[in-house]
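**Q** Take our numbering: the last position of the sequence shown gets the number 400, and nothing is skipped along the way.
All C-beta atoms, glycine included, are put in the ideal place defined by N, C-alpha and C.
None of these values were measured; they are calculated from a predicted model.
For reference, the structure I am asking about is given below.
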Amino acid sequence: MSRKIIIGSRGSKLALLYAQKAKNTILQKTDLNDEEIVIKTITTQGDQIKDSRLSEFGGKGLFSSNIEKELQNKSIDIAVHALKDLPAIETNGLIIDTFLERNNPKEVLISRNKKKLKELDAKSIVGTSSYRREFQIKKIRYDVHCKLIRGNVDTRLRKLKEGLYDAIILSYAGIKYLELENEITETFSTEEIIPSAGQGIIALQCREDDLEIISLLKKINHNETYKRAHAERNILKVLEGDCETAIGAHSVIDGKNIIIEAELFSLDGSKRFYEKKIEKVEKFKEIGKDIGQILKTKSNNTYKK
Numbered sequence: 096m097s098r099k100i101i102i103g104s105r106g107s108k109l110a111l112l113y114a115q116k117a118k119n120t121i122l123q124k125t126d127l128n129d130e131e132i133v134i135k136t137i138t139t140q141g142d143q144i145k146d147s148r149l150s151e152f153g154g155k156g157l158f159s160s161n162i163e164k165e166l167q168n169k170s171i172d173i174a175v176h177a178l179k180d181l182p183a184i185e186t187n188g189l190i191i192d193t194f195l196e197r198n199n200p201k202e203v204l205i206s207r208n209k210k211k212l213k214e215l216d217a218k219s220i221v222g223t224s225s226y227r228r229e230f231q232i233k234k235i236r237y238d239v240h241c242k243l244i245r246g247n248v249d250t251r252l253r254k255l256k257e258g259l260y261d262a263i264i265l266s267y268a269g270i271k272y273l274e275l276e277n278e279i280t281e282t283f284s285t286e287e288i289i290p291s292a293g294q295g296i297i298a299l300q301c302r303e304d305d306l307e308i309i310s311l312l313k314k315i316n317h318n319e320t321y322k323r324a325h326a327e328r329n330i331l332k333v334l335e336g337d338c339e340t341a342i343g344a345h346s347v348i349d350g351k352n353i354i355i356e357a358e359l360f361s362l363d364g365s366k367r368f369y370e371k372k373i374e375k376v377e378k379f380k381e382i383g384k385d386i387g388q389i390l391k392t393k394s395n396n397t398y399k400k
């Protein structure tokens, strides 16, 4: 490289672990040394909003916009993101086309009394900041109350232990990275609760004209994760998904086939539209667009009636 590489990341404990994972992967797959790669912490608007839904202030972009500005200004060379936190529509001049090997995409429940979701008392309070999770939980347990919870994983666990919630829903990947797996009460299969598109995937972003970095990132891109990420993200792009759009999407590559199941909820969660599709792996981009269009048509037809 002709310069030191600066990796930009949110400052949460989990985000910095993701950034370190990106750095370690670059070190493993290139001849760069530790001193040539620096991690820079960037405060995002999403981190500053503590007690409100992100959708009230602009959506998922609140976690990425400040980092993207640093990328555009050439203050950093690579941005590290949790793919599920990125808006569906990409920012002009920047590309997201490199993905580290996917971590477990499943959802987990952590409860104060170690009760699983179906064992919770009626009217128990379950903490989540996601409409998708709220609607999915309500399909399993209509008699629990979902209450907004914000903050990093440590903050959410503290609020749970203080008795503000009876249980919380989080992603398995984050819990594992933080080595908190002993806290897990229940792990849901991806059939029970379809995760957010791209959940468990670390995405690396750079400037589209930075050929040196693009060449570097190609060396660390995980091919299977790359295909699954694009398939799931293409569903969001068709549906224009953001924080207020409750969408679950999960893909699996099985031999020569890619299998995706996805669901879309109405704004109030009362209606659920579901689709599952199998295609040849090489059609990984098309299958996401197809499923997105099918779900869009199903929901539009329902509201026309």
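Cα separation between K322 and K256?
**A** On the sequence shown, position 227 is the one that residue 322 refers to. On the sequence shown, position 161 is the one that residue 256 refers to. For K322 and K256, the distance between alpha carbons rounds to 39 Å.
**Q** DSSP on E358, reduced to helix/strand/coil?
**A** On the sequence shown, residue 358 is found 263 positions in, with the first residue counted as 1. If DSSP states are grouped into helix, strand and coil, E358 belongs with the strands.
**Q** What is the rounded straight-line gap between the Cα of T136 and the Cα of R328?
**A** Taking the first residue of the sequence shown as 1, we reach residue 136 at position 41. Taking the first residue of the sequence shown as 1, we reach residue 328 at position 233. Approximately 26 Å between the Cα atoms of the pair.
**Q** Helix, strand or coil: which one does DSSP assign to T120?
**A** For the purposes of this step, residue 120 is taken as residue 25 along the sequence shown, with counting starting at 1. In this structure, T120 counts as helix in the three-state DSSP scheme.
**Q** Could you have a look at N199 and say whether DSSP puts it in helix, strand or coil?
**A** Here residue 199 refers to the residue found at position 104 when the sequence shown is read from its first residue. Residue state, collapsed to three classes: coil.
**Q** Would I355 pass as a contact of A324 if the rule is Cβ separation under 8 Å?
**A** On the sequence shown, position 260 is the one that residue 355 refers to. On the sequence shown, position 229 is the one that residue 324 refers to. No, the pair does not count as a contact, with Cβ atoms beyond the cut-off.
**Q** For A217, count the other beta carbons within 10 Å of its own beta carbon; 16 or more makes it buried, fewer makes it exposed. Which is it?
**A** Along the sequence shown, read from residue 1 onward, the residue named residue 217 stands at position 122. If you draw a 10 Å sphere on the C-beta of A217, you find fewer than 16 other C-beta atoms in it, and that means exposed.
**Q** Let me confirm a value: G295 is counted as buried when at least 16 other C-beta atoms fall within 10 Å, else exposed. Which label applies?
**A** Your numbering for residue 295 matches position 200 in the sequence shown. G295 comes out buried.
**Q** Compute the Euclidean distance between the alpha carbons of G106 and V175, then round it to the nearest angstrom.
**A** Mapped onto the sequence shown, residue 106 falls at position 11. Mapped onto the sequence shown, residue 175 falls at position 80. Taking the straight line joining both Cα atoms gives about 11 Å.
**Q** Would you identify the three-state DSSP class for H325, choosing helix, strand or coil?
**A** Numbered from its first residue, the sequence shown carries residue 325 at position 230. The DSSP-derived three-state label of H325 is helix.
**Q** Taking 7 Å as the cut-off, is the CB of R105 close to at least one heavy atom of the ligand FMN?
**A** Among the components modelled here there is no ligand, and therefore nothing to report on the ligand FMN.
**Q** Is there a Cβ from chain D that is less than 8 Å from the Cβ of A292?
**A** Protein chain content of the structure displayed is limited to a single chain, and chain D is not contained in it.
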